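The numbering used here puts the first residue of the sequence shown at 12, with every later residue one more than the last.
A virtual CB, placed ideally from N, CA and C, is assigned to each residue, including glycine.
In this text the structure is predicted, and so the values were computed from the model without any measurement.
Working notes, structure below.
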Amino acid sequence: MHPSLTSELPPLEETRGQWLAWDAKGQDSPSFINVENGEYCDFTVLRNMFTQTQMQDLKDMTNNVHYENYQSKKLAAVTCNGVDTSKRNGQLTKSPLAQMEEERREHVMKMKKMEAEMEQVFELKVKEKKQKLKDSEAELERRHEQMKRNLEAQYKELEEKRRVFEEEKVNWEAQQRILEQQKLDASKTMEKNKKKGKIF
């Protein structure tokens, strides 16, 4: 950087300076300018002003713009597999924090959607299980009633067979008594006939 103001040096002065390749005061020879002498050169003043007042702006610009753009490109390459759909003319339209926040929101929404779907599937399975239990209970109730009716029918059949058996038993016993009585009567008749001497 060359100073905007130049002037001629006093003779025989040893100083640090810079040779300038233009004509000074109409001379055809190059001029030597001491750029650190504040009496006739504003380079030091400009440098001090620049470093004192503009350095913070330069740091802020570096940190907030250049480094942010660099970091955004690197994060976009990592988070989007190297492809960023939000780029326009090579610039990122979103900061990495905003992009990460958006991805976090998308992940939360995705998890909520998956949770809702899982709850829906769970409720459906619970409903199906309840329906199966109701069907099984109804089937067991139907079988129970059928078995109860079968047992009642078998009981009635056995009662009928018992009644018939009891009747047959009573009839048989009556017939046996009659036969016994007939045998007894016959033997008595024979005894009487023997006594009378009559033989059949």
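Does residue i pass the burial test, meaning 16 or more other C-beta atoms within 10 Å, or should it be called exposed?
i           : result
residue 87  : buried
residue 176 : exposed
residue 54  : buried
residue 34  : Note that residue 34 has pLDDT 49, beneath the 50 cutoff, so the model's placement of it is unreliable and no number is given.
residue 206 : exposed
Considering only heavy atoms of the ligand FMN, does any lie closer than 7 Å to the CB of residue i?
i           : result
residue 170 : Looking for the ligand FMN in the displayed structure turns up nothing, as the structure carries no ligands at all.
If you pair each beta-carbon of the stretch 105-113 with each one of the stretch 71-90, do three or more pairs fall below 8 Å? yes
Quick check for students: name the residue ranges of the alpha helix (DSSP H) that lie wholly in the stretch 102-162, counting only runs of 4 or more. none
In chain order, which continuous runs of the alpha helix (DSSP H) of length 4 or greater are located wholly inside the stretch 63-93? 66-72, 78-90
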